[in-house]
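As structure tokens, the structure follows; a few thoughts come after it.
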């Protein structure tokens with residue numbers, strides 16, 4: 001059974017074998033099927049959803065979990081690299097009545113067969129989407145190059161917009 005993954009207040013990730021991992025599909029919390037799980041690929045980013053309440057399954061029913069073992073917990077999700085299509089959203093509810101929509105396409109996570117897995121399917125292999133091309137080091141290099149170009153044409157509004165797209169939205 002895929003088990004729940006969650007984070008503590010310091011952002012450390014843990015699993016809870018007593019709780020079955022759930023995902024969100026069409027507004028319903030559903031158990032994460034083993035067939036949907038793939039080992040988290042290189043280039044994935046794990047996020048702690050600090051404004052969320054964990055939803056997991058225990059004894060056959062969804063449970064809203066704000067604490068485990070007396071300690072505060074938070075939902076986790078992943079942004080997977082290009083070429084993967086998520087099959088389930090992460091199972092959590094917002095603490096805020098008016099949540100902002102995230103920019104990232106969050107994917108449900110679970111602990112399965114001794115590793116972190118995402119609910120997704122590999123649909124395309126594209127060498128241009130290789131995670132090594134989009135590492136933090138590459139992001140810093142891109143920011144340096146974009147900054148150099150902007151300094152050469154500080155009044156170019158189109159260039160400023162393209163820089164924003166390249167740096168903020170990948």
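Numbering (the working numbering), first residue to last: 1 to 170. Just so it is clear, CB atoms sit at the ideal spot from N, CA and C, and this is done for glycine as well. A quick note: this is a predicted structure, and the numbers were derived from the prediction, not measured.
- Residue pairing of residue 85 in beta bridges, as defined by DSSP: 121.
- DSSP places residue 31 in the uninterrupted beta strand (DSSP E) bounded by 28 to 31.
- Residue burial annotation: residue 5 is buried, with at least 16 other C-beta atoms found within 10 angstroms of its C-beta.
- For residue 40, the three-state secondary structure derived from DSSP is coil.
- Contact between the stretch 116 to 128 and the stretch 77 to 88 is present, with at least three C-beta pairs closer than 8 Å.
- For residue 60, there is no enclosing alpha helix (DSSP H), since its DSSP letter is neither H nor E.
- If the five residues before and after residue 51 are omitted, its C-beta is found closer than 8 Å to the C-beta atoms of 94, 95, 96 and 99, all from its own chain and listed in chain order.
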